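Some notes on the structure that comes next.
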Amino acid sequence: MIDLRRSRLWIGVAIVAVLLAIVVPRPARAFGERSAFDPRVLLAGGTTGPAHLSAPARWSWELQQRTSAPARLTPSSIRADDPAIVEAPFVYWSGDTAVSELTSGEVSGLRRFFALGGVMVVDDAAAGGDGTVSPFGRSARRQLARVLPDATPISLGIKHVIYHSFYLLNRAEGRVLGPSQVDAIVRGGAAQVVFTENDLGGALARGGSGIWEAPVVPGGELQREHAIRLAVNIAMYVLCTNYKDDQVHAPFLMRRRAHAISPTEP
Amino acid sequence: MPTTRFASTSDLPTWAVVAACVLATASLLLLFVEMRRRERGGALIVVTGIAAVASLLLAVLRPARISARESVVGARVVVLADSSRSMALPGDDGTARQEARDAAIIALQKSAPDARLLVLGFGDGPPQPLVSGGDSRAPRSDLTTAIRALAASPDERPASIVVVSDGRLDDPPEATGEAPNAFTALGDELHVPINTIATTQTAPADASVRHVSASGAAVAHVPMSLRVEIGCGGGLACDELTVTARELRDDAPPALLASGLAHVKDGKAVVDLTVTLERAGARILEVAITPPSGDAIPENDHRFLTFNVARERVRVLHVAGMPTNDVRELRTWLKSDASLDVVSFFILRTKTDKTDPNSPNGQAADSELALIPFPVNELFSEHLPSFDAVVLQNIDAVEYELDRHLGELASYVKGGGGLIMVGGENAFIRGGYAGTSLGAVLPVELDRTPGATSDDATPFAPKWTAQGKAAPLLRPVRAILGDELPLMPGTNVLGDVRPGGVALWTHPTRTTKSGAPMPVLAIGDEGDGRTIALGIDGLWLLKFSQLGARTAGRGHGALWDGLLGWLMRDPRFEPAQIDVVGGCTAGLASTLRVQVLPGASDPIVVDVSEIDKTGSSPPVHLEAKRASPDETTIDLPIRALPAGGYTARLRVGDGSATRRDFACEGGGDEWADSRPDPERLRALAKASHGSFAFAHDAASIPFPKPTVVSAERHVVPLAPPWVWSLIAATLLGAHWFTRRRSGLA
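So this is what it looks like as structure tokens:
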């Protein structure tokens, strides 16, 4: 009996070890994680953290699990008026209530960030499923218009690289279905501010117990998978810019898109 | 020699003398007409009339006696002797044409002992005194420039010119089409006759590459059409000749770029070859024919030509092992430069990644992914030569099967390609490059022992070396950042700098096995190409950091601009320039001109070696030291080299090397067409009212008459003016009296 128990114990340990090996992502593979993708949480306009606390870390986890990109599993946060805002090329700003007016320090900090080519994702955590923008979304757009008065958001069509930087996506999805396309402020040919009205963080958020924090409507887990894929694509866009728009990829992507649109083809 | 002669008074203009003579003659004619039918007293009237007219004429002319001491000065004749290299070709009797030229000059000197002959050699530029019996070395035969120089000279203008040549001139052109106008214009330069002597009549038995012309500027990776003109004459049987174009490559046999068959008709043929030069910079092409048997001049069967290959756009292959912030910033910079044509391949998924954790195998279907296979075999074999530079950024050579192509990459570098290896955890030692052929062309050693430390994740700020501070490629970034560099998150462990390499940044604390500070950024030359080792993955911090924000992120672009520019031999980033003054001719000494930046007094070292290392010529090592730090141009004489392609590598102090490829031709343009051209000389003589002769008949050339020069002159009137007037009045009165007596009015 003792032997049998021991063998069962060892088998259990082995199974757990294998599962851990599969599930636990590898550590970031860059010197000191400095070059890794860091979904830095932007603290600005009165926000004190992300709308979904676990979303940034899950974003990194999913990126690392699915792609070769290194990512920080413990993302940092940064105040918009902190001089250190210029020390990385990405910030993630989410919220579910209206933000207050940005201080001059915050405006100045964000301008310095954008001047260097930084990218920001504005994630509307309270967006309606029918595409209505929440007070957070409206106020964030208003404040960013003060930061970047020379540019207005435009809708990124399905041909934009953000929909095929890693996965081939046909639309934007999040915790809610929301609008099919993301908006962006494009400067110098690059999307510098990406607005998602789908609560991307809501689809990503997963608690320590391993349970998704918010149900995804109306598409359920398939929609969540699509939302995760959009998050991965955004991260890849940040790290690779328009790499997938290079001519060398064009014939492959055209064939695959055609295949996806015409499923009857062999 | 004293002489005496008579002349009219000097205060009379010539027209007055002529008018007086005409009037006197007319008067006498009238007198004879008047006296023709008269019988009585006619003789006396005529005598007195003649005396009266003569005395009146003398009264007007008032003759004087001129005593002078005079000498005869021979005419100044300039002999322009062809001193170009074509005069070393065989002439009519098998001896060199220059011997016939020298014999003709001697014959000229004998045939006109009074003439003042000035014998000058013409070739490239103004004529120079001809050294009798000396070798003809000029790379051109430009008669037009020589005659124009004589016309512009303040010296005494020659009375005539004698040209002694084989007629194979660069200028004026052959006696066809517009050439007669050119000949006439040449004669008008001095307004003196140009006499010509042809040294040679018959063409030697020779097949040659007469001329090679390109359809336009040579641009890397762009096909270029070469028009090759072939000549065959002197009785050789040439129906078809094989023509080849080969590129001389460093440490490798010449690469055949194109070949064709020339169908010779009427002694000439034209072949169009299309060649593609992959590397920019000075490239040496050998265009050759397979000569028929009996070819008397083998030196002109092939030409070594230097093409300065430009780049339309620099083609860069950017391969990254994983997407990171460093990859992002490098790609952003590469894509922002319109002069770069960037092809990128990033590894976005590893073998263990789960692209769809919810599926049974953890992988999403290919149709759901925007991923393409990494075409490693295609890229690093078929397409590699089409790139000017390759950037390998943090990529594991073993995992991504790059290791099987490292030999090709090393050959690519040696053949003139540029390579930058950018750090990261999967670069250098961890990436499997240590002990490989590619590792051997990097500018730093890599520790290949098992378990060798591959990286150090301790943050540090790189330190500038003295060479880094002086290197032109880092000058722009240094102008922006000064000595300050951002804190790097870690470094790859690199070894000592290889011979010929230069460390520009080093680690502040780590050292190599030899105890030297560990290089972080190093550059080096390898064969025909260049490599850079950058052992960090934090250059993006030149943009995204406090330092980057202070400098608007310009440091990142400035650094990469310098690195890639140096890799592509952009003159802005070269520490020095080197060139061959007046080109190189095989068998003749040449001069290398070195131009360096002012301010330093480091020794200058130049090594010249054959490009293809065939061993026919031992390497040449030259050293020089500047007289003062402000001296920027130094000429270094170099001994005679055999025909072929050469590489001159210049190093100033411990800095990086500058390379210049050049060709030494055995015959060059002057030997490309060995046929003499007496008809051109004949036409030139005719157009300028001169004479033509062959060398054996040089004495038949006419010379201008000598000039008489008076050294001392005395003018004494034969009588004072009043005496002439008195005589004229008396004789006129006597004539009047005689006429009255005879009943005439």
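Heads up: the sequence lines are chains H and C, in that order.
Here the numbering used here is used: position 63 in the first sequence is 59, and no number is missing along the way.
For the numbering used here, add 10 to where a residue sits in the second sequence, where the first one is 1.
We put the CB at the ideal spot given by N, CA and C, even for glycine.
This one's a predicted model, so the numbers in the text were calculated from it and none came from an experiment.
The alpha carbon of C:Tyr656 has as its nearest neighbour, out of C:Ser627, C:Pro639 and C:Gly678, the alpha carbon of C:Ser627. Interface flag for C:Lys553 against chain H is set, since a Cβ pair is found closer than 9 angstroms. Residues of chain H with a Cβ closer than 7 angstroms to the Cβ of C:Arg636 do not exist; the shortest Cβ-Cβ separation is about 43 angstroms. When C-alpha distances from C:Val88 are compared across C:Ala110, C:Asp457 and C:Leu200, the shortest belongs to C:Leu200. Chain-ordered listing is empty here: chain H has no CB closer than 9 angstroms to the CB of C:Ser396, the nearest sitting near 13 angstroms. Between H:Asp120 and H:Gly91, the gap from beta carbon to beta carbon is short of 9 angstroms. Classified as exposed, C:Ala375 has fewer than 16 neighbouring CB atoms from the shown chains inside 10 Å of its CB. Across the structure, C:Asp413 and H:Asp179 are spaced so that their CA atoms are roughly 43 angstroms apart. Boundaries of the beta strand (DSSP E) around C:Ser600: Ser600 to Val606. Neighbourhood of H:Leu235 in chain C, by CB distance below 8 angstroms: Pro333, Thr334, Asn335, Val337 and Arg338, in chain order.
The way I'd put it, the stretch 306 to 322 of chain C doesn't touch the stretch 363 to 377 of chain C; fewer than three beta-carbon pairs between them come closer than 8 angstroms. The alpha-carbon of C:Arg540 is positioned some 16 angstroms away from that of C:Ala586.
When C-beta atoms of the stretch 256 to 273 of chain C are compared with those of the stretch 172 to 183 of chain C, fewer than three pairs fall below 8 angstroms, so the two segments do not count as touching. Only residues of its own chain outside the window of five on either side were considered, and among them Leu412, His415, Glu418 and Leu419 have a CB closer than 8 angstroms to the CB of C:Phe390, listed in chain order. When the five nearest sequence neighbours on each side are left out, the beta carbons in the same chain lying within less than 6 angstroms of the beta carbon of C:Val725 are those of Ala74 and Ile76, in order along the chain.
With a threshold of 16 other beta carbon atoms within 10 Å, C:Pro460 falls short and is exposed. Across the set C:Asn436, C:Asp102, C:Ala437 and C:Asp457, the C-alpha of C:Asp457 shows the shortest separation from the C-alpha of C:Gly445. By the neighbour-count criterion, in which 16 or more other beta carbons inside 10 Å mark a residue as buried, C:Val28 falls on the exposed side.
The straight-line gap separating the alpha-carbon atoms of H:Tyr233 and C:Gly563 is approximately 20 angstroms. Pairing C:Leu71 with C:Ser37, the inter-Cα distance amounts to about 16 angstroms. Listed along the chain, the chain H residues whose CB falls inside 7 angstroms of the CB of C:Glu378 are Tyr163 and Leu164. Taking the beta carbon of C:Phe314 as reference, no residue of chain H falls within 9 angstroms; the closest one sits roughly 38 angstroms away. Where C:Pro647 is concerned, there is no enclosing alpha helix (DSSP H), although the beta strand (DSSP E) around it starts and stops at Thr643 to Ile648.
C:Val285 has its alpha-carbon roughly 53 angstroms from the corresponding atom of C:Glu166. Taking a 10 Å sphere around the C-beta of H:Gln243, we find fewer than 16 other C-beta atoms and assign the residue as exposed. At a beta-carbon threshold of 8 angstroms, the residues of chain C lying near H:Gln61 are Asp363, Lys364 and Pro367, ordered along the chain. In the three-state reduction of the DSSP assignment, C:Leu40 falls in the helix class, which pools H, G and I.
No Cβ of chain C is located within less than 9 angstroms of the beta carbon of H:Tyr88. In the DSSP assignment, C:Gly433 forms no beta bridge with any residue.
Under the three-state reduction of DSSP, C:Leu483 is assigned to helix. Interface criterion met: the Cβ of C:Trp550 is under 9 angstroms from a Cβ in chain H. Excluding sequence positions up to five before and after H:Arg183, its CB lies within less than 6 angstroms of the CB of Ala147, all in the same chain and listed in chain order. Only those residues of the stretch 481 to 511 of chain C whose C-beta falls short of 8 angstroms from the nearest C-beta of chain H are listed: Met498, Pro499, Gly500 and Thr501.
Non-local beta-carbon contacts of C:Arg220 in its own chain, meaning distances under 6 angstroms to residues more than five positions away in sequence, involve Glu239, Gly241, Ala682 and Asp683 in chain order. It is roughly 7 angstroms from the alpha-carbon of C:Leu153 to the alpha-carbon of C:Gly133.
In this structure, the alpha-carbon of C:Ala462 lies about 57 angstroms from that of C:Gly677.
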